[in-house]
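Everything below concerns the one structure shown next.
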Amino acid sequence: MMKQDLQTARRNLNSPNIKTRKRALKIIKQHQNQDK
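Note that UniProt numbering has the sequence shown beginning at 1, numbered continuously upward.
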């Protein structure tokens with residue numbers, strides 16, 4: 001589930017919707033923090 005969210009987030013980074021992009025960035029940042 002988390003991996004799918006991450007993939008979706010990476011796709012959403014190219015979205016014209018600013019809110020979607022910011023939410024996607026937050027998800028990716030959270031994922032990077034978990035990897036450490």
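Just so it is clear, CB atoms sit at the ideal spot from N, CA and C, and this is done for glycine as well. As the structure is a prediction and not an experimental result, all values here were calculated from the model.
Coil, strand or helix - residue i by DSSP
| i | result |
| --- | --- |
| N12 | helix |
| N33 | helix |
Check whether residue i and residue j have beta carbons under 8 Å apart
| i | j | result |
| --- | --- | --- |
| A24 | N12 | yes |
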